[in-house]
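Chains as they are written, first to last, in this note's numbering: chain A, 101 to 600; chain B, 5 to 108; chain C, 10 to 651. Built from N, CA and C at the ideal position, the CB exists for glycine as well. Here is the structure we will look at.
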Amino acid sequence: MNLSLLILIPLLTAIAILFCKGLKQVRVVALLGAVIQLFAAFFLLYAYSNERAAGNTSQMLFQDAYIWFKALKIDYHVGVDGISIAMILLTSFVVLAGILVSWRQERMSKEFFFLLILLSLGAYGFFISLDLFMLFFFLEIAVIPKFLLIGIWGSGKKEYSAMKLALMLMGGSALVFVGLLGLYFNSTFGGTTTFDLLQIAQMHIPVEVQKIFFPFIFIGFGIFGALFPFHTWVPDGHSSAPTAASMFLAGISMKLGGYGCLRVATYLMPEAAHYYSPVIIVLATIAIIYGAFATMMQKDLKYINAYSSVSHCGFVLLGIGMLTQTSINGAVMQMVSHGLMTALFFAAIGMIYDRTHTRMTVQLGGLLKIMPFISTVFVLAGLCSLGLPGLSGFVAEATVFMGSWQNADTLYRVATILSCASIVVTAVYILRAVGQAIMGPVNNTQYLSLPDAAWNEKIAATILVIGIVVIGIAPFLLSDLITPSTQTIIEHTFNNISFK
Amino acid sequence: MSEIPLTHILFVSTALFFIGMYGLFTRRNMITMLMSIELILNSVNINFVAFNKYLYSDQLNGVFFTIFIIAIAAAEAAVGIAIIINLYRGHHSIDVEDAGEMKY
Amino acid sequence: MNYASYITWIPMLPMASFVLVGLFGRKYFKNLAGVIGTIVLLAITVLSFITVYQYFFVDGKVNDVYQSIIPEQYSWLQFSPNLSIDIGIVLDPISVMMLLIVSFVSLMVHVFSLSYMKGEERFSTYYAFLSLFTFSMLGLVVSTNIFQIYIFWELVGISSYLLIGFYYDRPSAVAASKKAFIVTRFADLGFLIGILILAFNAGTLDFHTLIERLTNTQSSQFISITTSSFLGISMLTWALILVFVGGAGKSAMFPLQVWLPDAMEGPTPVSALIHAATMVVAGVYLVARLFPLYSLDAIVLNIVSYVGAISALLAAIIACTQTDIKRVLAYSTISQIGYMMFALGVSRYGGEQGLGYMASMFHLFTHAFFKSLLFLCAGAIIHLVHSNEMKDMGGLKKLMPVTHVVFLIACLAIAGIPPFSGFFSKEEILTAAYNSNKFIYAMGVFTSMLTAFYMFRLYFRIFHNKDSHVEADHSEGSLSMKIPLVILAICTLASGFVPFGSFVTSDGISLTTHVDIVFSILPVTLSVAAILFAAKLYYMQNELPGRIASSLGTFYHAAYKKFYIDEVYLFITKKIIFNLVGKPAAWIDRHIVDGFMNLLASITAKISEMIKGLQTGKVQNYALYFFGGIVGLAVLFIYLWK
């Protein structure tokens, strides 16, 4: 399969949107693009499994390379492995659901959908890039639309939040860029310096250099992935963003961070990853526990989900920092699971907000009586978040725990136990939110006449629920997909270790 | 008949340059500023022609450049005056101080 | 017949019914939901009986030892090459017994609910949740893998949460469901870490392999888990204690019992199914499942027995003072599970030493019948009286003849009066305790006396005491409520005569049970005395109970207030966790971490504010700077740069 299709489809959709008139045309085109993209993603999965089943063991499949900027050895180089495919599938699910949720986006609909599609374009490009410069290029494409989406269509302190988010993410990408240049100038493949990910992986970047540039890249991507203490854009950004943008933000762009930490930082600089692993673990554990406790005190549904995202994304970084095959598997699963789950959560919150115009748990109450579908979706997302078996969250967290425990050091053990403890806190805040907003008596009788979900919202939620349930019930599907790829990464890591 | 020495010509062009410079710095009227810029450009033209004549009389590079500059100056004047007219429409003034929207 | 041909249906049918009724029931066949659920349960009950027959009487035994058979197993999630979660079905004496109990009691509850829940707005949802629970519980008991048990453990937890919070518009129900889930979640944390330790040290999650490796003292896994230690206690002990914490949470053992009485907010049939007969004994089942490991470690067994005995005694004392009939039953459940727990604690592995294990399972078996019967009776009573409080009852004997008889049978059974089933199982437990630990035995006997007292206090106050003033708007209940009561009463009468020792023992080799008349004299006499005392106090309304209560003074009050354990929990969570951890975390995040980011931003803004004056916006100024720059450079290059 030609991977460039994954970039071309959103690009064409975005261009087509520019020529549309009115919400009706725009949304149909956007939906069409998203559906085609979903099919493309599934076809990719199918083609990939076929190749693997046929015994193709090369690390990246469907590679395609063109020279982009010859003098600096910047190439257009794409390819996928299991991890990228998992991410691409996640993105296509979230994009489709996001577009359906914004079905009635009356205000400046053309620009809105254009930016959504542009964001997804950035994400797809990012996940298939094998050239570091190209990776960075798509990372930037995925950042800019967020600023506009929040700044124009947001609510609350939207200018402040948009600015904060854009500045922090830009800061992150600046750090990443410094790190990438560091890698570039220390890579000499066949006599010339290179941006090519696979080529850099082949050679041995000097340990001293790794130690310098690893923090740049890891923190840079970490900002995207809500690394403590650079997570503060998460609550503000998510809570101000319009529903679809929150979904994209939490469901897709936070995953860019985790993916980057894994694919670029850890994979290319294994020694440094080992060297800094205790630091990562400590920060991730702080994020998990402290994010969970901070969530407990929130009263706004979006803040609850945003802070819980900090806590959940901590598991991604924890899994990466633990550097065992199982924990990295868990990290990838957590990315997928969290992406779907949090998108579902934001979708449900958005639907509630659209109707009641409040997100305060104390003002809501008894929603189960008024809007059973939305409430059920909300509860499902909550249960996934608190790690109920049968839904994806459990699978991911169990894998992270299992992988983390394989590190026998005391620090790692303590970190694992503390992270495990977060499941209790998670249960507390989820059930508090559910208890206050969904269950209980109806506080405001005006709400009694509010409608339940419309067809587009039902489809959007159903798509995400299917994703969560399928992973939850048949985790082997996901784990079989990603295991060979994470294995490559972890083997590469251990083969390169000189001081283990 | 003795030739006019180069220094005389350079003196004229330098004077012209600084007159233009002075006009550019002190005048607030945009038309006058544009005229001052023309003066500066023309002083440069004189230099080009003079140096061409006195130093490399077998070549025509300086003259070419002069013609280029005249052409560019014409274009620049056209664009400049277009801007000025637009500003005048907006502000009813061609005082350079009055157009302060883009400040800070 | 091959097990594989039908065994998968046992958990899968309720799952299918959950999906079907849950997704479409509300809209399309609201009133059929109950029938669908009941038919499914009937089917799996039949299948369970077939399984029981086939396992115990046809092919379970090889060389006089019951084998564990795994008819189905699939790899569900591969962690690493040798560590995976397998989902499967194991058949061994305890799982087959549990299959029977779960499906049978669940069937009774399904039938009972047909009329009990009739007319509820969320009738179909109720049946969907019941199916979900049945599925989860069946999955739990047939687990082949310790992680599988954890998975279903959580699922029964969530079904319990959903069912306790069934009346979601009552704040008390919401609070109770939340409490139940969070308290058990807290205990599950221990369970999870215990699993991690076991998995890491034994290198497997499979029960069979796990037990095989760790009971072999020569194996490298056994050596690694016993030699590595933390705080001077070996990892094996830690793992077993932590797993037991999980079990204690689910089984509402002291000090994690607080959730169970509150869980009575759920519909009464649910209490009968989940909070009496099946889910709450999961902790006992877990310890029994890992019993070969527990029997390796005397410290842990001691902990198990003392926790069990203390819970039994404490809950019995509290039960004597409660006035809500469901709460009395809830505390009696805690007390009886305490019995099962300490019976396991005093047991050892294999042979005569394993009497406690057998007794514990036996009690679990008999308890399931009489306790669900008691709860269903309570349901019938509440259905009639519309109140849970004892003071609203009394003299119901005439109004509810059937309920009266079966309730009396159940009370006699739980009080341990021969020949009712509770007598046999309790006798075995006390014998096992007597042989092992006299102190535990004394606590057991005393608790047994208290049990007889509070159960008959309940009985007399409901059915005698004073003349009924209940204006019954309907009769005792429809047939679908009475039939389960009668069937369960028959089971209560019969189940004691099952030669249990020849089916379920710690090592699969049958054990002859024996009722020693001399030994039985003491507990039975005490129970009878307690019943007579209860009759004196409560048969007719009189002053005596009040006087006794006031003479006990603070002790009575403390017991009435459940020894203030709830208050301690509330203090820890509301005051300490929320105020000292949660609030500071949220505050620090907003003001310090985020404040630092904002500080950086505002410093940047300040600096740019300071230097922005350079940008006057005047073209001439810029030209002047430019010209000045050129002059400066000219000077520099011509004169200074030599």
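Practice task
To the nearest angstrom, report how far apart residue 321 of chain A and residue 509 of chain A are at their CA atoms.
Solution key: The sequence position of residue 321 of chain A within the first sequence is 221, counting from 1. The sequence position of residue 509 of chain A within the first sequence is 409, counting from 1. Rounded to whole angstroms, the separation of the alpha carbons of residue 509 of chain A and residue 321 of chain A is 26 Å.
Exercise for the section: Just tell me which of C/337, C/98, C/92 has its CA closest to the CA of residue 78 of chain C. Expected result: As a first step, residue 78 of chain C is located in the third sequence; it is residue number 69 there, counting from the start. Checking every option, the nearest Cα to that of residue 78 of chain C belongs to C/98.
Problem - Inter-residue spacing [alpha-carbon to alpha-carbon] between residue 185 of chain A and residue 102 of chain A - result: On the first sequence, residue 185 of chain A is found 85 positions in, with the first residue counted as 1. On the first sequence, residue 102 of chain A is found 2 positions in, with the first residue counted as 1. Each residue's alpha carbon lies about 14 Å from the other.
Handout entry: Within-9 Å CB hit, residue 261 of chain C to chain A
Key = Translated into the one-based positions of the third sequence, residue 261 of chain C becomes position 252. Taking Cβ atoms only, chain A never reaches closer than 9 Å to residue 261 of chain C, which makes this a no.
Problem - Residue of A/446, A/557, A/552, A/351 minimising C-alpha distance to residue 459 of chain A - result: Within the first sequence, the letter at position 359 stands for residue 459 of chain A. Nearest C-alpha to residue 459 of chain A: A/446.
Exercise for the section: Return the chain-ordered list of same chain residues with a C-beta closer than 6 Å to the C-beta of residue 287 of chain A, the five sequence neighbours on each side being excluded. Expected result: Taking the first residue of the first sequence as 1, we reach residue 287 of chain A at position 187. Taken in chain order, the residues that qualify are 293, 294, 300.
Practice task
Enumerate in chain order the residues of its own chain whose CB-to-CB distance from residue 269 of chain A is below 6 Å, with the five nearest sequence positions on each side excluded.
Solution key: In the first sequence, counting from the first residue as 1, residue 269 of chain A sits at position 169. Once the five neighbours on either side are set aside, the close Cβ partners of residue 269 of chain A are 243.
Handout entry: is_contact[residue 36 of chain B, chain C] using C-beta, thresh 9 Å
Key = Taking the first residue of the second sequence as position 1, residue 36 of chain B is located at position 32. No, no contact with chain C.
Problem - Cut-off 7 Å between Cβ atoms - residues of its own chain near residue 500 of chain C, not counting five sequence neighbours on either side - result: Here the question's residue 500 of chain C lines up with position 491 in the third sequence. 378, listed in sequence order.
Exercise for the section: Please list the partners that residue 636 of chain C has in chain B, where partner means a Cβ-to-Cβ separation under 7 Å. Expected result: Translated into positions along the third sequence, residue 636 of chain C becomes position 627. Per Cβ cutoff of 7 Å: 25.
Handout entry: Bounding residues of the beta strand (DSSP E) (the contiguous stretch that carries residue 81 of chain C)
Key = Here residue 81 of chain C refers to the residue found at position 72 of the third sequence. Residues 78-89.
Handout entry: is_contact[residue 641 of chain C, chain B] using C-beta, thresh 9 Å
Key = Against the third sequence, residue 641 of chain C aligns to sequence position 632. False, the Cβ-Cβ gap to chain B never drops below 9 Å.
Exercise for the section: Starting from the C-beta of residue 215 of chain A, find all residues in its chain whose C-beta is less than 8 Å away, skip the five residues before and the five after it, and write them out in chain order. Expected result: The count along the first sequence starts at 1 and reaches residue 215 of chain A at position 115. Answer for residue 215 of chain A: 245, 248, 249, listed in chain order.
Problem - Element boundaries [beta strand (DSSP E), containing residue 404 of chain A] - result: On the first sequence, position 304 is the one that residue 404 of chain A refers to. That residue, residue 404 of chain A, is in no beta strand (DSSP E); its alpha helix (DSSP H) goes 401-422.
Problem - Anticipated Cβ contact below 8 Å, residue 404 of chain C with residue 475 of chain C, distance rounded - result: Sequence index remark: in the third sequence, residue 404 of chain C carries index 395 (1-based). Sequence index remark: in the third sequence, residue 475 of chain C carries index 466 (1-based). With a Cβ gap of about 6 Å, residue 404 of chain C and residue 475 of chain C count as contacting.
Practice task
Using a cut-off of 9 Å between C-beta atoms, extract the partners of residue 100 of chain B located in chain C.
Solution key: Taking the second sequence and counting its residues from 1, one reaches residue 100 of chain B at position 96. Going along chain C in sequence order, the residues near residue 100 of chain B (Cβ under 9 Å) are 627, 628, 629.
Exercise for the section: Check the C-beta distance from residue 88 of chain B over to residue 39 of chain B and give it rounded, since I have them as a contact under 8 Å. Expected result: For the purposes of this step, residue 88 of chain B is taken as the residue at position 84 of the second sequence. For the purposes of this step, residue 39 of chain B is taken as the residue at position 35 of the second sequence. With a Cβ gap of about 12 Å, residue 88 of chain B and residue 39 of chain B do not count as contacting.
Problem - Within chain C, the residues that residue 119 of chain B reaches when beta carbons sit closer than 9 Å - result: The requested residue 119 of chain B does not occur in the structure, where chain B is confined to residues 5 to 108.
Handout entry: Residues near residue 497 of chain A in its chain [Cβ-Cβ closer than 8 Å; skip 5 each side]
Key = Looking up residue 497 of chain A in the first sequence gives position 397. Contacts found: 415, 430, 434, 487, 523.
Exercise for the section: Look at the Cβ atom of residue 13 of chain C, then the Cβ atom of residue 80 of chain C, and state whether they are nearer than 9 Å. Expected result: As a position in the third sequence, residue 13 of chain C is number 4, starting the count at 1. As a position in the third sequence, residue 80 of chain C is number 71, starting the count at 1. Cβ distance < 9 Å, so residue 13 of chain C and residue 80 of chain C count as in contact.
Handout entry: Residue environment, residue 285 of chain A, which counts as buried when at least 16 other CB atoms sit within 10 Å
Key = Taking the first sequence and counting its residues from 1, the one referred to as residue 285 of chain A is at position 185. By the neighbour-count rule (16 or more Cβ atoms within 10 Å), residue 285 of chain A is not buried but exposed.
Exercise for the section: Let me know if residue 278 of chain C comes out buried or exposed under the rule of 16 or more other beta-carbons within 10 Å of its beta-carbon. Expected result: Here residue 278 of chain C is taken as the residue at index 269 of the third sequence, counted from 1. Residue 278 of chain C is buried by the Cβ-count criterion.
Practice task
Provide the residue span of the alpha helix (DSSP H) that contains residue 438 of chain C, from first to last.
Solution key: Your numbering for residue 438 of chain C matches position 429 in the third sequence. Per DSSP, residue 438 of chain C belongs to the alpha helix (DSSP H) from 430-445.
Handout entry: Pair within 9 Å by beta-carbon distance, residue 490 of chain A and residue 569 of chain A
Key = In the first sequence, counting from the first residue as 1, residue 490 of chain A sits at position 390. In the first sequence, counting from the first residue as 1, residue 569 of chain A sits at position 469. With respect to the 9 Å criterion, residue 490 of chain A and residue 569 of chain A are classified as neighbours on the basis of their beta carbons.
Exercise for the section: Output yes if chain B places a C-beta closer than 9 Å to the C-beta of residue 632 of chain C; else output no. Expected result: Position 623 of the third sequence, counted from the first residue, corresponds to residue 632 of chain C. Taking Cβ atoms only, chain B reaches closer than 9 Å to residue 632 of chain C, which makes this a yes.
Handout entry: Proximity of residue 16 of chain C and residue 123 of chain C at Cβ, strictly below 9 Å
Key = The residue labelled residue 16 of chain C in the question sits at position 7 within the third sequence. The residue labelled residue 123 of chain C in the question sits at position 114 within the third sequence. Taking 9 Å as the Cβ cut-off, residue 16 of chain C and residue 123 of chain C do not qualify as a contacting pair.
Practice task
Rounded to whole angstroms, what's the CA-CA distance from residue 196 of chain C to residue 313 of chain C? Just pull it up for me.
Solution key: As a position in the third sequence, residue 196 of chain C is number 187, starting the count at 1. As a position in the third sequence, residue 313 of chain C is number 304, starting the count at 1. Near 15 Å, if we compare the C-alpha coordinates of residue 313 of chain C and residue 196 of chain C.
Practice task
Spatial neighbours of residue 376 of chain C within its chain, please: CB distance less than 7 Å, with the 5 preceding and 5 following residues excluded, ordered by chain position.
Solution key: Looking up residue 376 of chain C in the third sequence gives position 367. Correct list, in chain order: 345.
Practice task
Name the one or two DSSP bridge partners that residue 247 of chain A has.
Solution key: Walking along the first sequence from the start, residue 247 of chain A turns up at place 147. In the DSSP secondary-structure assignment, residue 247 of chain A is not bridged to any residue.
Problem - Cross-chain neighbours of residue 579 of chain A in chain C, by beta carbon under 8 Å - result: Taking the first sequence and counting its residues from 1, the one referred to as residue 579 of chain A is at position 479. Scanning chain C for C-beta atoms nearer than 8 Å to the C-beta of residue 579 of chain A yields 86, 87, reported in chain order.
Exercise for the section: Let me know if residue 74 of chain C comes out buried or exposed under the rule of 16 or more other beta-carbons within 10 Å of its beta-carbon. Expected result: Here residue 74 of chain C is taken as the residue at index 65 of the third sequence, counted from 1. Residue 74 of chain C counts as exposed, since fewer than 16 other beta carbons sit within 10 angstroms of its beta carbon.
Exercise for the section: Kindly confirm or deny that the segment 252-260 of chain A and the segment 273-282 of chain A touch, where touching means at least three C-beta pairs closer than 8 Å. Expected result: By the Cβ test, the segment 252-260 of chain A is not in contact with the segment 273-282 of chain A, since fewer than three Cβ pairs between them sit closer than 8 Å.
Exercise for the section: Report yes or no: do the segment 230-248 of chain C and the segment 210-219 of chain C share at least 3 C-beta pairs separated by less than 8 Å? Expected result: yes
Exercise for the section: Taking 9 Å as the cut-off, decide whether the C-beta atoms of residue 228 of chain A and residue 145 of chain A are in contact. Expected result: Here residue 228 of chain A refers to the residue found at position 128 when the first sequence is read from its first residue. Here residue 145 of chain A refers to the residue found at position 45 when the first sequence is read from its first residue. No, the pair does not count as a contact, with Cβ atoms beyond the cut-off.
Handout entry: Segment contact flag, the segment 300-313 of chain A with the segment 366-373 of chain A, C-beta cutoff 8 Å, min 3 pairs
Key = yes
Practice task
Return no unless some Cβ of chain C is closer than 9 Å to the Cβ of residue 585 of chain A.
Solution key: For the purposes of this step, residue 585 of chain A is taken as residue 485 along the first sequence, with counting starting at 1. Judged by the 9 Å Cβ criterion, residue 585 of chain A is not in contact with chain C.
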